[in-house]
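Below: one structure, written as structure tokens.
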Amino acid sequence: MKFKILALVLVSLLTFGCGSGGGDKKENVVYVYSWGDYLDPETLKIFEKETGIHVILDEFDTNESMYPRVAEGAVHYDVLCPSDYMIQRLISNDLIQPLDFNKLPNAKQNIGAEFFKQSETFDPGNKYSVPYCWGTVGIIYDKTKVTDPVDSWNILWNEKYAGQILMQDSARDALMIPLKLMGKSMNETDKNVLAQAQEMLIKQKPLVQAYVVDEVKEKLINSEAAMGVVFSGEALIILEENPNMAFAIPKEGTNFWIDGWVITKDAENVDNAHKFIDFMCRPDIAVKNFDYLGYSTPNIAVKELEENEAYKNSPVAFPSPDVYAGQETYKYLGNEMDEYYNSLWMKIKVE
Amino acid sequence: MFNKGLRNILLTPFLIWAGLFIFIPLIFIVWYGVTDYGGNFSLVNMGLIFKHGYLDALELSVALALISTIICLLLAYPLSLILTERQRDNTTIISLLFILPLWMNSLLSTMAWQTILESNGIINQILRLFSLPTMQMINTPGAIVLGMVYNFLPYMVLPLYISLAKIDHHILEAAQDLGANSWQTFWRVILPLSLPGAVSGITMVFIPALTTFVISALLGGGKLLLIGNIIEQEFTFQYDWHVGCALSVILMIFIVLNMLLTTAFDPLKEEEDF
């Protein structure tokens, strides 16, 4: 008797599950998995209204936490928005599919050629991704406290500013700085060179006030530190809030990062996914997202449409090409090298 | 109290709960901890504790948790004693003083400490007002200990207060009748009778202090890594469940050790002899 009841419950649960699952499939949807707070929510409403396609948006906070969820296929997403090196990792593990650019007229028309060119470093032939946001990494500093010229990463080792320096709390972003100072690539795989870079960061640690992620904005707006390593998008927000600050990109070079839209290999709504990506490249939508985010956009039509004069004339939001020309982009270095970078970083942090 | 059938029925919901949400997850953690990516048995991940300076992080965690527990005990014991002596009218004050902070999200109160301790924070601004030299307080081990004590003090006070309040007044009077002075009454009567409360207080403070990662992340500025932070990073950033679980298992060993030690000193067991 007991078993019969149990079986009944199970069967009803299963049929219920199938029923609702089948229902979902017929619906006109697209599953999007993107960075947290990386879209103006209003643009999603416009998209749904215009196309009738319902957007189901999930958010991630690091590339590394996004990857296993996609790789294990626990949830089927159609569209993702990872960063450069993660796109390369997804390509190399056959987890995303080539895009049909005939379905992406807005992308072809509005995305600047130099961004497609830079994308080739991680997506050769531009088959898989459409750039969405980009930026650089630089030093933001308090003009009232920093008297030396800020044009080199070297200033982060200046003992005059002990306890006044904020660094990024991430393996690649932290090691990039000493690697660039040594004139090496940020995609360095020579363990001897990496050990030297690690040594430099250990030497720097007593001068560092804190290793930070998102809280860097808050701290610098409140003048908690004299300088900090920040992404250009964050710099734009800090500069707006704190007029004492200035942003500089060191002469040794920086990271030119790109986040792009891709479509997963096992996407069930490939057509809708293309429509969504193309919609995001439409100038009027790109402007809304740019205003919302503050990150530089590869969309060349945005600057003309931008109404906020402070943004429009900002060299941080719209840098001249010589700022980013010839800069490096992170590459996926393989699992083993990734772990090696992380172990170097952990050692620095517990030191 | 209940007959056997009724007892089993009443116990079933908890057993199902414990099985699903305590026992099975524990098995997963141990299983992940002792296997590698291919699912083969391996102690490599456990051995990582000896690499990358993780052992230093564990030592720091144990040291800071111990210091916080001792400070909590030293703060809470006299306080609970004073409060029990004026027992009658104090129940509302107790709940206000010690339950109310627990209503506030601990993340928020830790962030509040951040703004108090920062170099441009409230304390330093007051110091500057009087032209006194400012202090570097945030991102130090002291700041983490302060955060731990602030967050976990109620967990020390409550069991201590309850065990002290439970002591029968007649016992104290009997002690005095038999010629014990107040020091002897405290040392020979009150202290042993309050030990069960102290023991559960110590456990309730030491374990969360040992495993915390939020307090050290906010008040340590990412420069001081506790074992909790390393486990958190393994899960959220490096996404290596095997290493994260292996380190969790090692941390659990310390927790079990703490519990064994505290129960060894638990005077409740002796009461069975009476």
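Protein chains in written order, with numbering that gives the first Met the number 0: chain A, 0 to 350; chain B, 0 to 273.
Beta carbons: idealized from backbone N, C-alpha and C, even for Gly.
Residue i versus residue j: straight-line alpha-carbon distance, rounded
i	j	result
Lys-126 of chain A	Glu-119 of chain A	9 Å
Gly-20 of chain A	Thr-68 of chain B	Low local confidence applies: a pLDDT of 40 at Gly-20 of chain A is under 50, so the model's placement there is unreliable, with the coordinate-based value given in what follows. Spanning the two alpha carbons is a distance of roughly 52 Å.
Asn-105 of chain A	Asp-277 of chain A	6 Å
Ile-137 of chain B	Leu-74 of chain B	22 Å
Cys-80 of chain A	Leu-223 of chain B	32 Å
Tyr-76 of chain A	Asp-337 of chain A	25 Å
Val-188 of chain B	Leu-259 of chain B	25 Å
Glu-335 of chain A	Asn-341 of chain A	10 Å
Ser-184 of chain A	Leu-159 of chain B	59 Å
Lys-24 of chain A	Asp-36 of chain A	The predicted model places Lys-24 of chain A with a pLDDT of 49, which falls under 50 and marks its position as unreliable, so this point remains unresolved.
Asp-176 of chain B	Asp-167 of chain B	15 Å
Leu-14 of chain B	Leu-145 of chain B	38 Å
Asn-312 of chain A	Asp-150 of chain A	22 Å
Val-54 of chain A	Leu-43 of chain A	7 Å
Ser-199 of chain B	Pro-207 of chain B	13 Å
Pro-282 of chain A	Lys-179 of chain A	35 Å
Lys-274 of chain A	Trp-256 of chain A	25 Å
Glu-357 of chain A	Ile-220 of chain A	Any property of residue 357 of chain A remains undetermined from this structure, which presents chain A solely from 0 to 350.
Gly-182 of chain A	Phe-253 of chain B	46 Å
Glu-84 of chain B	Leu-38 of chain A	60 Å
Val-211 of chain A	Gly-52 of chain B	21 Å
Met-134 of chain B	Ser-118 of chain B	7 Å
Glu-217 of chain A	Thr-114 of chain B	11 Å
Ile-70 of chain B	Leu-54 of chain B	24 Å
Lys-250 of chain A	Ala-309 of chain A	25 Å
Asp-189 of chain A	Gln-195 of chain A	10 Å
Glu-198 of chain A	Thr-34 of chain B	33 Å
His-241 of chain B	Asp-99 of chain A	39 Å
Leu-99 of chain B	Ile-21 of chain B	29 Å
Met-166 of chain A	Cys-280 of chain A	33 Å
Per-residue contacts from residue i into chain A (C-beta, under 9 Å)
i	result
Ser-118 of chain B	Gly-162, Gln-163, Gln-208, Glu-223, Ala-224
Cβ-Cβ separation, residue j to residue i (assumed contact under 8 Å), whole Å
i	j	result
Leu-171 of chain B	Thr-184 of chain B	6 Å
Val-315 of chain A	Phe-246 of chain A	5 Å
Asp-57 of chain A	Tyr-84 of chain A	With 8 Å as the limit, Asp-57 of chain A and Tyr-84 of chain A do not qualify as a contact, their Cβ atoms being about 21 Å apart.
Ile-122 of chain B	Leu-128 of chain B	About 11 Å separates the two Cβ atoms, so there is no contact after all.
Asn-298 of chain A	Asn-109 of chain A	5 Å
Tyr-164 of chain A	Ala-224 of chain A	Per the sequence shown, residue 164 of chain A should be read as Ile rather than Tyr. Yes, Ile-164 of chain A and Ala-224 of chain A are in contact; Cβ-Cβ is about 6 Å, under 8 Å.
Asn-150 of chain B	Ser-108 of chain B	7 Å
Ile-52 of chain A	Thr-263 of chain A	Wrong, their Cβ atoms sit about 17 Å apart, outside the cutoff.
Asn-241 of chain A	Thr-135 of chain A	Actually they do not touch by this definition, with Cβ atoms about 20 Å apart.
Asn-271 of chain A	Val-69 of chain A	About 18 Å separates the two Cβ atoms, so there is no contact after all.
Tyr-140 of chain A	Leu-206 of chain A	Tyr-140 of chain A to Leu-206 of chain A, Cβ: 14 Å. No contact.
Tyr-294 of chain A	Cys-132 of chain A	4 Å
Leu-218 of chain B	Ala-142 of chain B	4 Å
Leu-19 of chain B	Phe-97 of chain B	Leu-19 of chain B to Phe-97 of chain B, Cβ: 32 Å. No contact.
Per-residue contacts from residue i into chain A (C-beta, under 7 Å)
i	result
Ala-56 of chain B	Val-349
Leu-224 of chain B	Lys-348, Val-349
Asn-138 of chain B	Gln-208, Ala-209
Chain B contact residues for residue i, given Cβ-Cβ distances below 7 Å
i	result
Lys-48 of chain A	In chain order: nothing, as chain B lies at least about 36 Å away.
Pro-242 of chain A	The premise fails here: Pro-242 of chain A is roughly 17 Å from chain B at the closest Cβ pair, so nothing lies under 7 Å.
Asp-168 of chain A	Gly-221
Under 8 Å by beta carbon: chain A residues contacting residue i
i	result
His-51 of chain B	Ser-342, Met-345, Lys-346, Val-349
Ile-8 of chain B	Under the 8 Å cutoff, chain A gives no residues; its nearest Cβ is about 15 Å from Ile-8 of chain B.
Ile-229 of chain B	Met-345, Val-349
Under 8 Å by beta carbon: chain B residues contacting residue i
i	result
Val-211 of chain A	Gly-220, Gly-221
Thr-61 of chain A	Thr-235, Phe-236
Heavy atom of the ligand FAD within 7 Å of residue i beta-carbon
i	result
Ser-82 of chain A	Questions concerning the ligand FAD fall outside what the structure shown contains, since it holds no ligand whatsoever.
Whole runs of the alpha helix (DSSP H) within the region 187-226 of chain A, excluding any shorter than 4 residues: Segments of the alpha helix (DSSP H) lying fully in the region 187-226 of chain A: 190-203, 215-220.
Pair every Cβ in the region 211-218 of chain B with every Cβ in the region 1-12 of chain B, then say whether three or more of these pairs are closer than 8 Å. Output reads no: the region 1-12 of chain B does not touch the region 211-218 of chain B.
Could you tell me whether the region 29-37 of chain B touches the region 240-252 of chain B, where touching means 3 or more Cβ pairs closer than 8 Å? Two segments are said to touch when three or more pairs of C-beta atoms, one from each, lie closer than 8 Å; by this definition the region 29-37 of chain B touches the region 240-252 of chain B.
Beta strand (DSSP E) runs wholly inside the region 245-319 of chain A, at least 3 long, in chain order: Runs found: 256-263.
Under 8 Å: do the region 196-203 of chain A and the region 282-294 of chain A share three or more Cβ pairs, one atom per stretch? For the pair of segments examined, the region 196-203 of chain A was found not to touch the region 282-294 of chain A: the number of CB pairs separated by less than 8 Å stays below three.
Looking at C-beta atoms only, is the number of pairs between the region 234-245 of chain B and the region 60-79 of chain A that lie closer than 8 Å three or more? Three or more beta-carbon pairs drawn from the region 234-245 of chain B and the region 60-79 of chain A are found closer than 8 Å, and the two stretches are therefore classed as touching.
Counting pairs of beta carbons, one from the region 232-248 of chain A and one from the region 131-148 of chain A, are three or more of them closer than 8 Å? Judged by Cβ distances under 8 Å, the region 232-248 of chain A makes contact with the region 131-148 of chain A, as three or more pairs qualify.
At a cut of 8 Å, does the region 231-241 of chain A reach the region 154-173 of chain A through at least three beta carbon pairs? These segments do not touch.
Complete alpha helix (DSSP H) runs within the region 93-126 of chain A (minimum length 4 residues, chain order): Fully enclosed alpha helix (DSSP H) runs of 4 or longer: 104-109, 112-118.
Complete runs of the alpha helix (DSSP H) confined to the region 198-266 of chain B [at least 4 residues]: For secondary structure counted as the alpha helix (DSSP H) over 4 or more consecutive residues, the region 198-266 of chain B holds these complete runs in sequence order: 213-218, 226-235, 240-263.
Any chance you could list the alpha helix (DSSP H) runs of at least 4 consecutive residues sitting entirely within the region 28-102 of chain A, in chain order? With a minimum length of 4 residues, the continuous alpha helix (DSSP H) runs that stay inside the region 28-102 of chain A are 40-50, 62-70, 83-91.
Jot down the residue ranges of each uninterrupted beta strand (DSSP E) in the region 64-143 of chain B, minimum 3 residues, whole runs only, in chain order. Listed in chain order, there is nothing to give.
Just list the alpha helix (DSSP H) runs in the region 146-196 of chain B, keeping only unbroken ones of 4 residues or longer that don't cross its boundaries, in chain order. Taken in chain order, the whole alpha helix (DSSP H) runs of length 4 or more contained in the region 146-196 of chain B are 168-176.
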